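Below is one structure, written out as structure tokens; the observations come after it.
Here's what the structure looks like:
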């Protein structure tokens, strides 16, 4: 899949090397953050657009270049803090990068790998955390049908963000059900994509 071009943002190189960077700021005040890696980036960017256009919700999209590097850094910070109790505690990169939007801003992390890949960083992410991934095997139809089946397509990411926001009281609790109906997420996969 063609990947979007690198954005012109401060700290891009550091973010790439450390494991993530904000790829696209929300078009309005951000109520949520979407973390995506690899081929999930276009789905996340489309979800950002759907959230803004259909629901009036701003979401920042972050490109995750390495879930593993983010975890490695967080574990190193924990280890340092354990062994150096008298020093200034270190903060994991993922925590400091995402803490600017507030601790109550939900995060939806999406990968085309199994959910346990983005789950590696869950405990260091401020705010609520939901992961989406392609858990399972043996589902072989079209790629759009597979993405819908595993709930990693743009519409499913949109629903996950709305569900997190509804849970926290940040949006009307009826929005997730409206999104399910609007995007036909409750129908069989083949019906939803026709």
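Residue numbers (my numbering): 9 to 202. Even for Gly, the Cβ is constructed at its ideal location relative to N, Cα and C. All values derive from a computational prediction rather than experimental measurement.
Pair within 9 Å by beta-carbon distance, residue i and residue j
{"i": "residue 33", "j": "residue 68", "result": "yes"}
{"i": "residue 159", "j": "residue 153", "result": "no"}
{"i": "residue 79", "j": "residue 128", "result": "yes"}
{"i": "residue 41", "j": "residue 106", "result": "yes"}
{"i": "residue 27", "j": "residue 102", "result": "yes"}
{"i": "residue 174", "j": "residue 113", "result": "no"}
{"i": "residue 166", "j": "residue 63", "result": "yes"}
{"i": "residue 162", "j": "residue 70", "result": "no"}
{"i": "residue 193", "j": "residue 156", "result": "yes"}
Where residue i sits in the DSSP three-state scheme
{"i": "residue 122", "result": "coil"}
{"i": "residue 18", "result": "coil"}
{"i": "residue 129", "result": "coil"}
{"i": "residue 157", "result": "helix"}
{"i": "residue 113", "result": "coil"}
{"i": "residue 140", "result": "strand"}
{"i": "residue 33", "result": "coil"}
{"i": "residue 43", "result": "strand"}
{"i": "residue 60", "result": "helix"}
{"i": "residue 38", "result": "strand"}
Residue environment, residue i, which counts as buried when at least 16 other CB atoms sit within 10 Å
{"i": "residue 83", "result": "exposed"}
{"i": "residue 25", "result": "exposed"}
{"i": "residue 119", "result": "buried"}
{"i": "residue 12", "result": "exposed"}
{"i": "residue 30", "result": "buried"}
{"i": "residue 208", "result": "Nothing in the structure corresponds to residue 208, since the chain is present only between 9 and 202."}
{"i": "residue 93", "result": "exposed"}
{"i": "residue 164", "result": "buried"}
{"i": "residue 22", "result": "exposed"}
{"i": "residue 170", "result": "buried"}
{"i": "residue 172", "result": "buried"}
For the stretch 40–55 and the stretch 72–80, state whether three or more C-beta atom pairs, one from each stretch, are separated by less than 8 Å.
-> With a cut-off of 8 Å, the stretch 72–80 and the stretch 40–55 count as touching, because enough Cβ pairs lie within range.
Would you list, in sequence order, the uninterrupted beta strand (DSSP E) runs of no fewer than 3 residues that lie entirely inside the stretch 62–106?
-> 66–72
Stretch-stretch touch, CB-based, cutoff 8 Å, three pairs: the stretch 46–61 with the stretch 128–135 = no
Every unbroken alpha helix (DSSP H) inside the stretch 158–185 [4 residues or more] | 162–176
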